[in-house]
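What follows is a short report on a single structure.
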Amino acid sequence: MTIAFVFPGQGAQYVGMGKELAGAYPEARAAFTTASTVLGFDLTRLAWEGPDDQLKHTENTQPAILTASLASLEVIRARIPAPAITAGLSLGEYTSLVCAGALEFPDAVRVVRRRGEYMADAASGIETAMAALMGIDGPTVERICAEARAHGVVEPANFNSPGQIVIGGEAEAVDHAIELAKAAGAKRAVKLAVSAPFHTSLMRSVADRFAAVLEQVTIRRARIPVVSNVTAQPVRQGDEIRKLLIAQVASPVRWEQSVQTMAGRGVTTFVELGPGTTLSGLIRKTVSGVQVLHVEDKESLAETLKALEKKAQPAR
Numbered sequence: 490m491t492i493a494f495v496f497p498g499q500g501a502q503y504v505g506m507g508k509e510l511a512g513a514y515p516e517a518r519a520a521f522t523t524a525s526t527v528l529g530f531d532l533t534r535l536a537w538e539g540p541d542d543q544l545k546h547t548e549n550t551q552p553a554i555l556t557a558s559l560a561s562l563e564v565i566r567a568r569i570p571a572p573a574i575t576a577g578l579s580l581g582e583y584t585s586l587v588c589a590g591a592l593e594f595p596d597a598v599r600v601v602r603r604r605g606e607y608m609a610d611a612a613s614g615i616e617t618a619m620a621a622l623m624g625i626d627g628p629t630v631e632r633i634c635a636e637a638r639a640h641g642v643v644e645p646a647n648f649n650s651p652g653q654i655v656i657g658g659e660a661e662a663v664d665h666a667i668e669l670a671k672a673a674g675a676k677r678a679v680k681l682a683v684s685a686p687f688h689t690s691l692m693r694s695v696a697d698r699f700a701a702v703l704e705q706v707t708i709r710r711a712r713i714p715v716v717s718n719v720t721a722q723p724v725r726q727g728d729e730i731r732k733l734l735i736a737q738v739a740s741p742v743r744w745e746q747s748v749q750t751m752a753g754r755g756v757t758t759f760v761e762l763g764p765g766t767t768l769s770g771l772i773r774k775t776v777s778g779v780q781v782l783h784v785e786d787k788e789s790l791a792e793t794l795k796a797l798e799k800k801a802q803p804a805r
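FYI, in the numbering used here the residues of the sequence shown are 490 to 805.
Have a look at this one:
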């Protein structure tokens, strides 16, 4: 059994995430206490009690999801075999770096808070949008975006799974791309409730500012490979990780390819750690014949431990 730990990004958040595990496991509670201390405000209360409209602000969402995901990690890591590899979607890549020992958790909390602030700033004054396109392939989306650029910036932002690609950019251009996608046979096109066009060229100013933040943070050699969102390839060296994190802000997330990379390296079990099961669904759509589990509360923890214990038993 070869295990990969995977970590969710923005959009997975909900009021109450991590609360149940923190009530039952001191190591989970400690993650929230540490994050609140580092940030200088009660992130724990915001994550557990809301209000939801404040939690949705990207500068709050990012450290909150990171912390809830780390709480799940701290509970599970002493109870199951160590992962051979790790990855995270967008923001989740920072949790994967903490998991791999490349980033210290307090540093990660500070960094993603600043990342969120810069992303929010970059989107101010521009009418932007993002949309998920379903039932359409990558080359078609590339062609559609090229055609829609007559109306402004629009680009692929996330390659999530076969037939699910997120685009982002200026609102008029995104709307035009949605119409072109429908005409090209897309099954669905759904506007996303996000505050900025993440992972598009409109975020380049963020990458430039963010580079200075990351230069002040120690990034060590990862103990296990971390699959980069930018390249969909494993990385371990600290300097290379830093360069890819800077590029990640304004580059498309290659999650489908990242999952294929992990499966190609022999991963048989994916464990999603943190709020929701978005990644679990994307993994099931991308590769077959693998076990997909998740941990976000006591029930899912028990189910995951039971499933792994069963898989570890020799066949009779």
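For every residue, glycine included, the Cβ atom is placed at its ideal position computed from N, Cα and C.
The model shown is predicted, which means the values in this text are computed figures rather than measured ones.
Which residues in the same chain have their Cβ closer than 7 Å to the Cβ of residue i, if we skip the five residues on either side of it in sequence?
i           : result
residue 727 : 591, 708, 709 and 710
residue 649 : 655, 744, 745 and 771
residue 511 : 517, 518, 521 and 560
residue 503 : 764
residue 740 : 688 and 719
residue 717 : 724 and 733
residue 588 : 494, 562 and 575
Give the DSSP-derived three-state secondary structure of residue i in the structure shown.
i           : result
residue 680 : strand
residue 657 : strand
residue 811 : Past the boundaries of the shown model lies residue 811; the chain is included only from 490 to 805, so the question cannot be answered.
residue 532 : helix
residue 762 : strand
residue 663 : helix
residue 515 : helix
residue 777 : coil
residue 740 : coil
residue 752 : helix
residue 646 : strand
residue 601 : helix
Got a sec, what are the start and stop residues for the alpha helix (DSSP H) residue i sits in?
i           : result
residue 620 : Where residue 620 is concerned, there is no enclosing alpha helix (DSSP H), although the beta strand (DSSP E) it sits in stretches over 617 to 623.
residue 636 : 627 to 637
residue 707 : Looking at the DSSP string, residue 707 is not in any alpha helix (DSSP H), and its letter there is neither H nor E.
residue 686 : Where residue 686 is concerned, there is no enclosing alpha helix (DSSP H), given that its DSSP letter is neither H nor E.
residue 613 : It is not in any alpha helix (DSSP H) - residue 613 carries neither H nor E in the DSSP assignment.
residue 549 : 547 to 565
residue 789 : 787 to 801
residue 583 : 581 to 588
residue 544 : 541 to 544
CA-CA distance, residue i and residue j?
i           : j           : result
residue 731 : residue 555 : 18 Å
residue 635 : residue 665 : 11 Å
residue 543 : residue 535 : 8 Å
residue 613 : residue 633 : 26 Å
residue 567 : residue 661 : 49 Å
residue 562 : residue 506 : 14 Å
residue 607 : residue 801 : 45 Å
residue 678 : residue 735 : 29 Å
residue 597 : residue 742 : 19 Å
residue 594 : residue 724 : 19 Å
residue 776 : residue 493 : 14 Å
residue 773 : residue 766 : 11 Å
residue 602 : residue 639 : 34 Å
residue 690 : residue 611 : 11 Å
residue 573 : residue 756 : 8 Å
residue 527 : residue 751 : 33 Å
residue 703 : residue 799 : 42 Å
residue 673 : residue 582 : 33 Å
residue 509 : residue 529 : 23 Å
residue 446 : residue 600 : Residue 446 lies beyond the residue range present for the chain, which begins at 490 and ends at 805; the question has no answer from this structure.
residue 698 : residue 624 : 36 Å
residue 712 : residue 790 : 25 Å
residue 663 : residue 657 : 6 Å
residue 714 : residue 680 : 34 Å
Return the first residue and the last residue of the beta strand (DSSP E) that residue i is part of.
i           : result
residue 780 : 780 to 784
residue 576 : 574 to 577
residue 592 : Segment: none, residue 592 is in no beta strand (DSSP E) and carries neither H nor E.
residue 717 : Unbroken run through residue 717: none, as it is neither H nor E.
Would you call residue i buried or exposed, if buried means 16 or more other Cβ atoms sit within 10 Å of its Cβ?
i           : result
residue 579 : buried
residue 646 : buried
residue 761 : buried
residue 722 : exposed
residue 795 : exposed
residue 515 : exposed
residue 513 : exposed
residue 753 : exposed
residue 620 : buried
residue 778 : exposed
residue 785 : buried
residue 497 : buried
residue 570 : exposed
Residues in its own chain within less than 6 Å of residue i by CB, not counting five upstream and five downstream?
i           : result
residue 605 : 547, 548 and 551
residue 491 : 573, 755, 756 and 757
residue 533 : 521 and 525
residue 626 : none
residue 693 : 739
Answer yes or no: the CB of residue i versus the heavy atoms of the ligand GDP, is any distance below 7 Å?
i           : result
residue 631 : In the structure shown, the ligand GDP is absent, as is every other ligand, since no ligand is present at all.
Check the Cβ-Cβ distances between residue i and every residue of chain C, and say whether any is below 8 Å.
i           : result
residue 591 : No chain C is present in this structure, which holds just one protein chain.
Identify, in the order they occur along the chain, each residue of the same chain with its Cβ nearer than 8 Å to the Cβ of residue i, setting aside the five sequence neighbours on each side.
i           : result
residue 609 : 546, 547, 548, 684 and 685
residue 531 : 525
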